[in-house]
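**Student:** What follows is a structure written as structure tokens; I'll ask about it next.
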Amino acid sequence: MAKITCKRVEPIIIDFEDETFECFINVDALIILNDEFGNLVSLSNEAIKNPYDVGAKLLYAGIKTNRRDFTLDDAKLLVCNCGSQLINLVTDAFVRCCGNVGGEEFTKKYIAELERMIDQNKKEV
37 MAKITCKRVE PIIIDFEDET FECFINVDAL IILNDEFGNL VSLSNEAIKN
87 PYDVGAKLLY AGIKTNRRDF TLDDAKLLVC NCGSQLINLV TDAFVRCCGN
137 VGGEEFTKKY IAELERMIDQ NKKEV
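Taking our numbering, the leading residue of the sequence shown gets 37, the next gets one more, and so forth.
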């Protein structure tokens, strides 16, 4: 007898006064990412240089699983409004969904680049 243990996908809920978005980083989202943006390993490598852009792509795919009218521009706007906390949540969900594609070294570089960008944004404000 074969047995499979699955983890439940917990949605990331983005709540505004007039609208709520549910983001599910699951197999459907991975298919959207792969179909629209290419191979997941390349996307992971891109995340080190462009965490906000990749965060928007992850968010886009996760919300598009249940809202087909959601666009990448919508996701970019949400990332701009919610910032690094949202990027961290979708990245963490992505890693939990498909495993740590880039390994520990990728994670360290990604976090360092994200922190650098946050510091740069603070200086500009």
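Cβ atoms here follow ideal geometry from the backbone N, Cα and C, with glycine treated the same way.
1) Report the residue from 63, 37, 67, 95 whose alpha carbon sits nearest the alpha carbon of residue 114.
2) Can you tell me whether residue 52 is buried or exposed? The criterion is at least 16 other CB atoms within 10 Å of its CB, across all chains shown.
3) Report the partner residues of residue 59 according to the DSSP bridge assignment.
4) Contact defined as beta carbons within less than 8 Å: I believe residue 123 pairs with residue 88. What is the distance between those atoms, to the nearest angstrom?
5) Taking the straight line between their C-alpha atoms, what separation do you get for residue 99 and residue 56?
6) Give the single residue among 126, 45, 102 whose Cα lies nearest to the Cα of residue 62.
7) Taking 7 Å as the limit between beta carbons, can you name the residues of its chain near residue 106, skipping five residues before and five after?
8) According to DSSP, is residue 104 part of a helix, a strand, or is it coil?
9) When you compare only the Cα positions, how much space is there between residue 74 and residue 116?
10) Residue 111: which of 50, 132, 129 sits nearest, CA to CA?
11) Taking C-beta to C-beta, are residue 59 and residue 131 nearer than 8 Å?
**Tutor:** Straight from the coordinates:
1) 95
2) Per the 10 Å Cβ criterion, exposed.
3) Answer is 48, bridged to residue 59.
4) 7 Å
5) 11 Å
6) 45
7) 96, 99, 100
8) coil
9) 23 Å
10) 50
11) No, they are not a contact pair.
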